[in-house]
Structure formats: structure tokens, C-alpha cells
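The structure appears below as C-alpha cells.
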Amino acid sequence: MESMMPAPLDEEPDQAQSALLELQSENQALRARLDSLLELAHRNQNIMARHQSFDLKIIGANSFRELITNIFSALAVTSELDVVSLVLFDKLGDLQQMLSDLKIDLNEFPHLIFLRHEVELSQPETALRKPQLGLYQSLAYSSYFSSFNKKPASIAIIPMRRQGRLIGCLNLGSFKADRFQPNMATDFIERLGSIIAICLENVINNERLTYIGLTDPLTNVSNRRYVEQRMLEEIARARRQRYSIACMYLDIDFFKQINDRYGHQGGDDVLKEVAKRIKDELRLSDTLGRFGGEEFVVVLVNTNLHDAIQVAERIRKSIAGNEFVLSESGTCQATISIGLTTIDENSNYDDASSIARDLVLRADRALYQAKNGGRNQVRCF
Numbered sequence: 001m002e003s004m005m006p007a008p009l010d011e012e013p014d015q016a017q018s019a020l021l022e023l024q025s026e027n028q029a030l031r032a033r034l035d036s037l038l039e040l041a042h043r044n045q046n047i048m049a050r051h052q053s054f055d056l057k058i059i060g061a062n063s064f065r066e067l068i069t070n071i072f073s074a075l076a077v078t079s080e081l082d083v084v085s086l087v088l089f090d091k092l093g094d095l096q097q098m099l100s101d102l103k104i105d106l107n108e109f110p111h112l113i114f115l116r117h118e119v120e121l122s123q124p125e126t127a128l129r130k131p132q133l134g135l136y137q138s139l140a141y142s143s144y145f146s147s148f149n150k151k152p153a154s155i156a157i158i159p160m161r162r163q164g165r166l167i168g169c170l171n172l173g174s175f176k177a178d179r180f181q182p183n184m185a186t187d188f189i190e191r192l193g194s195i196i197a198i199c200l201e202n203v204i205n206n207e208r209l210t211y212i213g214l215t216d217p218l219t220n221v222s223n224r225r226y227v228e229q230r231m232l233e234e235i236a237r238a239r240r241q242r243y244s245i246a247c248m249y250l251d252i253d254f255f256k257q258i259n260d261r262y263g264h265q266g267g268d269d270v271l272k273e274v275a276k277r278i279k280d281e282l283r284l285s286d287t288l289g290r291f292g293g294e295e296f297v298v299v300l301v302n303t304n305l306h307d308a309i310q311v312a313e314r315i316r317k318s319i320a321g322n323e324f325v326l327s328e329s330g331t332c333q334a335t336i337s338i339g340l341t342t343i344d345e346n347s348n349y350d351d352a353s354s355i356a357r358d359l360v361l362r363a364d365r366a367l368y369q370a371k372n373g374g375r376n377q378v379r380c381f
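Using UniProt numbering, you'd call the opening residue of the sequence shown number 1 and step up by one each time.
Structure (C-alpha cells):
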């Protein structure tokens with residue numbers, strides 16, 4: 001009968017060694033998992049910190065330009081996006097006109113898209129009730145990313161609503177096809193859209209208040225206070241950049257006779273149309289304001305005397321050459337007299353307030369010469 005022999009003693013260390021190696025391997029796997037989780041936690045913490053910083057930036061924005069700049073620059077970095085665009089609905093075009101009057105050049109923001117109505121997005125209104133995530137499709141989403149030559153692979157379209165009204169869409173894009181997927185949770189981007197919508201409403205309201213305070217309510221051009229403020233700014237800028245500026249003083253000829261003949265409504269119609277015709281001959285960088293009554297002042301930046309005379313003549317001809325349609329009493333004719341003066345880089349060295357007063361005074365004297373010379377003409381001083 002075969003006796004039961006104990007296992008060799010050297011097998012026990014082998015089993016122990018195997019268990020130890022298995023434990024070490026398990027421990028290394030756990031350590032790798034912990035390191036991965038720790039790295040993810042750090043990444044999420046950094047992402048959260050970046051988004052908090054972004055939120056503070058846009059909430060603290062005091063102007064339309066500052067807010068839009070932060071949306072296009074900071075958001076792309078914060079969220080690691082390849083493209084960001086913004087659609088705003090401006091049904092009457094009054095928002096764009098106001099921003100233009102406030103000297104905000106919308107050409108600075110090629111990815112800011114103004115549309116009159118939702119139908120221009122080539123999508124049913126029901127599609128804009130909640131965020132849309134997924135692959136980019138040209139037929140559905142080209143309007144959102146029309147300003148980009150290279151289109152994204154995946155997109156997130158975030159409707160922005162205020163008080164139940166759709167004011168626009170924030171549009172995010174990535175060149176990675178798996179960045180935005182239809183089954184992703186949308187809580188975070190909906191919150192982002194809500195914050196930006198509130199901030200937009202806030203800065204637009206602030207700009208409207210500024211616009212109202214600096215705008216003549218009848219003609220919708222700048223008022224005297226704004227022109228005087230801009231003139232000081234332009235004198236300082238012209239001094240730094242060493243260029244000339246011109247100042248025009250304009251006065252509608254025989255305006256009292258227009259009021260007497262066609263009534264105050266007729267006079268108001270002429271004032272509004274004169275302001276429009278003057279503005280049509282100016283650049284965005286120029287400033288037009290009503291100084292009171294039938295008088296207007298224009299500041300032309302980076303303009304010498306020769307070019308200023310050409311602008312003044314265009315204005316004069318546009319007013320004298322076309323009848324004015326009145327809202328209550330047919331049509332009438334009107335002309336304008338213009339006084340003009342300039343200051344160049346060699347004489348722009350005195351106190352800015354003194355220079356501004358002198359420019360207006362010299363332009364007014366030139367206007368007086370135009371009036372005495374027979375009206376409907378441009379004179380220089």
C-alpha cells in the first residue's frame with residue numbers, strides 16, 4: 001500500500017510567490033485605475049475652473065463688444081471648440097442700426113450672424129425648442145456656420161430664449177465627429193445658453209440706454225452731447241496717430257419758411273430726411289449730430305481739406321437735388337449751407353477741449369459766410 005507523502009517543501013514558496021505576484025498585479029491595476037480617476041478629477045476640476053472663469057467674464061461684460069469678444073475667444077478655449085458662431089434675430093434691423101450708430105463695427109465679428117426671421121435657418125421652428133447635437137449636415141446646419149470655410153464634423157445648436165421668445169442660437173462645432181452625439185446629456189449646454197442669453201439681453205439693454213441718452217429722438221442721429229464727446233476722443237486719437245480731422249457745420253436754408261408753409265410736421269419730415277441724406281454720405285467712423293433746431297455738425301476722421309470738401313459737396317447736392325416727400329402735404333424743396341474747417345497733425349497740440357471749441361467756432365464762421373454768400377453752398381475757414 002502506497003503511503004501518503006507530503007508535498008515538497010519548495011512548492012509552498014512557489015504558491016506564495018504566485019499569490020504575491022497576483023496581488024502586486026492587482027495592486028498595480030488598482031493604482032493605475034486610481035491614477036486615471038485622479039487625472040480625470042484634475043481635468044474635470046480644471047474644466048470647471050475654466051468655465052467658472054468664463055462665466056465671470058461674460059457676466060461682468062459691460063458692453064456688447066466686450067461680451068461678443070469673450071464669447072468668440074474665451075468660449076472656444078474654455079470648451080476646446082474648433083468653431084463658435086452666434087445667430088441673433090433682428091427682425092426690423094434696429095439692433096444693427098443702433099450698434100452702428102454707437103460706432104460698433106460689426107465687421108469685427110464675422111461669426112456673428114444677424115437674421116430677420118427663424119425661417120432663414122432652413123429648419124422648422126419646432127427644431128429650435130431644444131438643443132440639437134450630432135453630425136454636421138450641410139442641408140440642415142449650413143446657415144449656422146456660413147462664416148466658416150471649414151465646416152465642423154459634429155455640432156451643438158443651443159437655442160437662446162428670453163421670456164419665451166427665441167432671440168438667437170449659440171452654435172458650437174468640433175472637427176471631431178464624436179465630440180457631440182445625439183444621446184449626450186444637454187443640461188450643461190442648456191445652462192450655458194441661458195447664461196449667454198441673459199448677458200446678451202443685459203448688454204443690449206445697456207447699449208439702448210446709452211443710445212437713447214446720446215441720440216436726438218426726432219432724427220435718430222447723435223445729439224450735441226455725444227458729438228462733443230466724440231470730438232474730444234477723435235482729437236486725441238488724431239494726435240496720437242498723426243492725421244487730420246475735419247468739422248462741418250450744416251444749416252437748412254430758410255427752414256422757418258418750410259415750417260410756416262408746411263407746418264411743424266412738414267418741418268420734422270424735412271429734418272429727418274436731411275439727417276438721413278447726410279448720414280448716407282458718411283463712413284461708419286464719422287460722427288453726425290444734431291446741434292439743435294435745423295443745425296447739424298459732422299466730424300470726419302482722417303480727412304484732409306480736399307476730401308472734406310468733396311464730402312460736403314456730395315451732401316449739399318443730395319439735399320438740393322431731390323424733393324422731400326412730406327407725410328401730410330405732398331413734397332417740397334430744401335437746400336443746405338455748409339461751413340467747413342480742418343485741423344492737421346502739425347496744429348493738433350493744444351488742449352483737446354480748446355481745439356474742439358475752436359473747430360466748431362471756425363466751422364460756424366464758415367457757415368455764416370455760406371449764408372451771406374447766397375446759401376446752398378460750401379465755404380471753408
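The beta carbon of each residue, even a glycine, is placed where N, CA and C say it ideally should be.
Just curious, the alpha helix (DSSP H) that residue i is in, first and last residue?
| i | result |
| --- | --- |
| I198 | 187-213 |
| V119 | That residue, V119, is in no alpha helix (DSSP H); it is neither H nor E in DSSP. |
| N372 | 352-372 |
| N70 | 64-78 |
| F255 | 255-280 |
Please check the pair residue i and residue j, which I expect to be a contact at CB under 8 angstroms, by giving their CB distance rounded to whole angstroms.
| i | j | result |
| --- | --- | --- |
| Q333 | E323 | 6 angstroms |
| N376 | S329 | Not confirmed; about 23 angstroms, so no contact. |
| R230 | V299 | 6 angstroms |
| P182 | A156 | Their Cβ separation, rounded to whole angstroms, is 10 angstroms, which puts P182 and A156 out of contact at 8 angstroms. |
| S353 | L232 | 7 angstroms |
| E281 | S318 | 6 angstroms |
Can you grab the Cα-Cα spacing for the pair residue i / residue j, in whole Å?
| i | j | result |
| --- | --- | --- |
| S147 | F89 | 16 angstroms |
| T303 | E120 | 40 angstroms |
| residue 405 | K272 | This structure cannot settle anything about residue 405, because the visible part of the chain is limited to 1 through 381. |
| L30 | Q15 | 22 angstroms |
| Y226 | M184 | 50 angstroms |
| I113 | V84 | 11 angstroms |
| I58 | I167 | 17 angstroms |
| N372 | Q163 | 58 angstroms |
| I196 | M160 | 8 angstroms |
| L67 | H111 | 14 angstroms |
| residue 389 | V378 | The first residue shown for the chain is 1 and the last is 381, placing residue 389 beyond what the model contains. |
| F188 | L340 | 58 angstroms |
| D364 | H264 | 25 angstroms |
| E190 | A127 | 15 angstroms |
| G267 | A275 | 12 angstroms |
| T210 | I258 | 32 angstroms |
| L75 | A177 | 20 angstroms |
| A370 | R224 | 22 angstroms |
| F72 | T331 | 49 angstroms |
| Q97 | V360 | 27 angstroms |
| D82 | Y141 | 16 angstroms |
| K150 | R179 | 16 angstroms |
| A356 | R240 | 16 angstroms |
For residue i, count neighbouring C-beta atoms within 10 Å of its own C-beta (all shown protein chains included) and say buried if the count is 16 or more, exposed if not.
| i | result |
| --- | --- |
| D216 | buried |
| N171 | buried |
| S174 | buried |
| A236 | exposed |
| V325 | exposed |
| S18 | exposed |
| G321 | exposed |
| R362 | buried |
| L21 | exposed |
| A238 | buried |
| S79 | buried |
| A366 | buried |
| E26 | exposed |
| G193 | buried |
Grab the span of the beta strand (DSSP E) containing residue i for me, first residue to last.
| i | result |
| --- | --- |
| S138 | Segment 138-141 is the alpha helix (DSSP H) holding S138; no beta strand (DSSP E) there. |
| E295 | 295-300 |
| D251 | 245-252 |
| T342 | 336-343 |
| V378 | 378-380 |
| R161 | 154-162 |
| residue 468 | This structure leaves residue 468 out entirely; the chain is present only between 1 and 381. |
| I167 | 165-174 |
| Q229 | Segment 224-241 is the alpha helix (DSSP H) holding Q229; no beta strand (DSSP E) there. |
Would you say the beta carbon of residue i comes nearer than 7 angstroms to a heavy atom of the ligand NAD?
| i | result |
| --- | --- |
| D90 | By its list of ligands, the structure shown contains no ligand whatsoever, and the ligand NAD lies outside what it can speak to. |
Quick test of the definition: if touching needs 3 or more C-beta pairs under 8 angstroms, does the region 102-115 touch the region 126-142? no
Cβ contact (3+ pairs, closer than 8 angstroms) linking the region 342-357 and the region 237-256: yes
At least 3 beta-carbon pairs within less than 8 angstroms: the region 249-263 vs the region 199-210: no
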